Amino acid sequence: RRLLMAHVDTVPLCVGARPVRRGERIVPAEATTALGADNRAGAAVILSAALEVLRQRLPHPPLVFLWTVQEEVGLLGARFAKLGLLGKPKLAFNFDGGPSHKVTIGATGGQRMRIRILGRAAHAGVAPQEGVSAIAVAGLAIAWLQHQGWHGLVEKPEGRGTANIGLIYGGEATNVVTPEVHLQAEARSHDPTFRRKIVQVFQEAFQQAAAQVRNIHGQQAQILWEEQTDYEAFRLAEDEPCVLAAEAAVRSVGAIPERAVSQGGLDANWLTHRGIPTVTLGCGQVNPHTCQEYLVLPEFWQACRVALRLATGTETVAPRPANS
């Protein structure tokens, strides 16, 4: 049994996007939106495979097609898909971003952090010394993390990863010592132990910053901390059957497969973690999540041929001559 899958959601920047063809590319009509080829292209690739199997009445192994939701906000569709409906596939292929010859065999793991800083309000002009600024606490923590190399690209003797504070908000007026600030951050690493280390350093940085900001009564801010695993890292074996099949399919359409490991999360993270080893193939998307996103049509068409080979179990058939 084989599984072909793709996520159907896009990032918010794609709202209102109108695709147009310009030469060998599909691009957004306006410069103010992304295209959404990530991952409308992937969804179309596996739909094309399903339709061709039906139209041509092609012989095929048992097939399951899975279109997931909410990949962009945390791989939720793959995380909570009912495995009982998938029929225990032996080979699983996820179609997502990148060139059509790319075969992604692993991806990083991600941890999400939600940080709430509770300070004390005071009149900023009359009695600022009575307050405890949550903004000051946040600023000290962020500055320390940046200066010590724990924000952005994190490269330490014990490991390598990334960390980012992507959301911060708080405060109501300039004449009030800000009593509350909310932050959201993430840590990523292929090494789960080092990812946990990044999260621990973040937590310690905010606790230490809170201890540095006190009012005249010696009171300090309180740090409320929440965290969750968005997805676990994985790396498929070199001889994993789905990897070998994917590479054979790429070769069968006349291309040279290129193995890759992703620095972002994929639906394959959760499928693999839940017991279905899943390899990911590209569909020709370039510059996803930006207004410069476009789809390379020859790459997309090649991805459609690759998907059809995988759906019909003909990935080991030699490619046809170019003039046939």
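-6 is the number of the first residue of the sequence shown in this note's numbering; add one for each residue after it. Just so you know, even glycine gets a beta-carbon here, dropped at the ideal spot from N, CA and C. As the structure is a computational prediction, the values presented were derived from the model and not from experiment.
Determine the direct distance from the alpha carbon of residue j to that of residue i, and round the result to whole angstroms.
i     : j    : result
A27   : L288 : 11 angstroms
I108  : A166 : 21 angstroms
R(-5) : E292 : 23 angstroms
A238  : P82  : 14 angstroms
V46   : I39  : 11 angstroms
C276  : Q193 : 38 angstroms
E197  : R252 : 38 angstroms
P121  : T155 : 37 angstroms
G16   : Q141 : 48 angstroms
E219  : L301 : 44 angstroms
G118  : N168 : 6 angstroms
L290  : A34  : 10 angstroms
R18   : E286 : 10 angstroms
P54   : G163 : 56 angstroms
A315  : R105 : Residue confidence for A315 is low, a pLDDT of 48 falling below 50, so the modelled location carries little weight; the figure read from the coordinates is stated next. Cα to Cα, A315 sits roughly 49 angstroms from R105.
G29   : A10  : 7 angstroms
T271  : F86  : 6 angstroms
S317  : P150 : Reliability fails at S317, whose pLDDT of 42 lies under 50, so the model's placement of it is uncertain and the value that follows must be treated cautiously. The straight-line gap from Cα to Cα measures roughly 55 angstroms.
H116  : I269 : 58 angstroms
L217  : T273 : 38 angstroms
R207  : D223 : 35 angstroms
G80   : Q205 : 56 angstroms
Q256  : G211 : 44 angstroms
T307  : V236 : 15 angstroms
D184  : L44  : 40 angstroms
P92   : R50  : 29 angstroms
E64   : P172 : 35 angstroms
L303  : A129 : 56 angstroms
V31   : W143 : The residue you asked about is not Val; residue 31 is Asp in the sequence shown. Roughly 30 angstroms separates the two Cα atoms.
R48   : R267 : 33 angstroms
W305  : V1   : Position check: residue 305 holds Thr in this sequence, whereas Trp was assumed. Each residue's alpha carbon lies about 23 angstroms from the other.
P52   : I161 : 54 angstroms
R228  : E240 : 16 angstroms
List the DSSP bridge partners of residue i.
i     : result
W143  : BP columns for W143 are empty, so no partner.
I158  : A178
F187  : The partner list for F187 (beta bridge, DSSP) is empty, contrary to what the question assumes.
P5    : P5 pairs with nothing; no bridge assigned.
G275  : D89
L(-4) : V57 and A85
Q221  : R105
R228  : G99
S255  : A100
Q213  : R207
R153  : E148
L40   : L40 is not bridged to any residue.
P21   : P12
V289  : R18
V169  : H116
G163  : V174
Does the separation of the CB atoms of residue i and residue j fall below 8 angstroms?
i     : j    : result
G70   : V57  : no
A(-1) : F88  : yes
L176  : A136 : no
G258  : G159 : no
A226  : A100 : yes
S182  : G145 : no
C284  : T3   : no
N157  : A134 : no
V299  : A261 : no
H94   : P234 : no
G67   : Q278 : no
G124  : V170 : yes
A230  : V174 : no
A22   : V8   : no
V254  : I98  : yes
L76   : H282 : no
A248  : Q295 : yes
T309  : S245 : yes
V147  : I191 : yes
G112  : A214 : yes
A36   : W60  : yes
Strictly under 8 angstroms for the Cβ-Cβ distance: is residue i near chain D by that measure?
i    : result
V119 : Although the question refers to chain D, the structure presented lacks it and comprises just one protein chain.
I believe residue i touches residue j by the beta-carbon criterion, under 8 angstroms. Please report the beta-carbon distance rounded to the nearest angstrom.
i    : j     : result
A42  : L(-3) : 6 angstroms
F318 : L138  : Absent from the structure is residue 318, since the part of the chain shown begins at -6 and ends at 317.
Practice prompt. May I have a chain-ordered list of the alpha helix (DSSP H) segments no shorter than 4 residues that lie completely inside the stretch 88 to 140?
Written response: 127 to 140
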